[in-house]
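Each residue of the sequence shown is one higher than the one before, counting from 6 in my numbering.
Cβ coordinates follow ideal geometry from the N, Cα and C atoms, glycine included.
Keep in mind the model is a prediction, meaning the values are calculated, not measured.
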Amino acid sequence: MDNNISDEDYQHAQNIWNKFEIKNLSEYSDLYLKTDVLLLADWVDTNIDVLNISDESDQGYILEVDLEYPNHLHAHKDFPLCPEHRIPPNSKLSKLMTTLYNKERYVIHYRNLKQALELGLKITKTHRILQFKQSPWLKGYIDLNTKLCTI
Numbered sequence: 006m007d008n009n010i011s012d013e014d015y016q017h018a019q020n021i022w023n024k025f026e027i028k029n030l031s032e033y034s035d036l037y038l039k040t041d042v043l044l045l046a047d048w049v050d051t052n053i054d055v056l057n058i059s060d061e062s063d064q065g066y067i068l069e070v071d072l073e074y075p076n077h078l079h080a081h082k083d084f085p086l087c088p089e090h091r092i093p094p095n096s097k098l099s100k101l102m103t104t105l106y107n108k109e110r111y112v113i114h115y116r117n118l119k120q121a122l123e124l125g126l127k128i129t130k131t132h133r134i135l136q137f138k139q140s141p142w143l144k145g146y147i148d149l150n151t152k153l154c155t156i
């Protein structure tokens, strides 16, 4: 196995680190994985009817949308939908929070979006949609472990 790297490959890596302001190997790995996934995925037209997609569909969707949280839904403030990272008042660190604010460029799986729409949230804009093949590939493993826990 050749443990050396060519000058060209080293220069390419340096360019990537500088262009994306990468600080450590973990960030580089994350960038590589995101790039790999995006190259394999399909971006589709932003005009799909989420409510008519079957929960058991072979095609899955991740959407980036703007959501309106209508005022009449603020009554269910004990468990708001669509959590997001925000910095609470008097804090310097972000936390995963559920709020009644409208969401901008919110990234969400289509099944979670269906639930939010059925409960009254409204899509004001769809920015992009990622389509992918999905299957219950862990179902057998989960069912086996559930069965073993009941024994």
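Query                                                                                            : Result
Residues bridged to His114 [DSSP beta-bridge criterion]                                          : Ile67
Boundaries of the alpha helix (DSSP H) in which His17 is found, first to last residue            : Asp12 to Lys24
CA nearest to the CA of Ser99, picked from His90, Asn117 and Asn23                               : His90
At least 3 beta-carbon pairs within less than 8 Å: the region 55 to 62 vs the region 114 to 128  : yes
Rounded Cβ spacing between Phe25 and Leu38 (contact assumed at less than 8 Å)                    : Their Cβ separation, rounded to whole angstroms, is 13 Å, which puts Phe25 and Leu38 out of contact at 8 Å.
Environment of Ala199 [buried if 16+ CB atoms lie within 10 Å]                                   : Because residue 199 is not part of the residues shown, which for the chain are 6 to 156, the question remains open.
Stretch pair the region 129 to 142 + the region 76 to 84: three plus CB contacts closer than 8 Å : no
8 Å CB neighbourhood of Tyr111 in its chain, flanking five on each side removed                  : Glu69, Val70, Asp71, Leu72, Cys87 and Glu89
Leu126 in three-state terms, based on DSSP                                                       : coil
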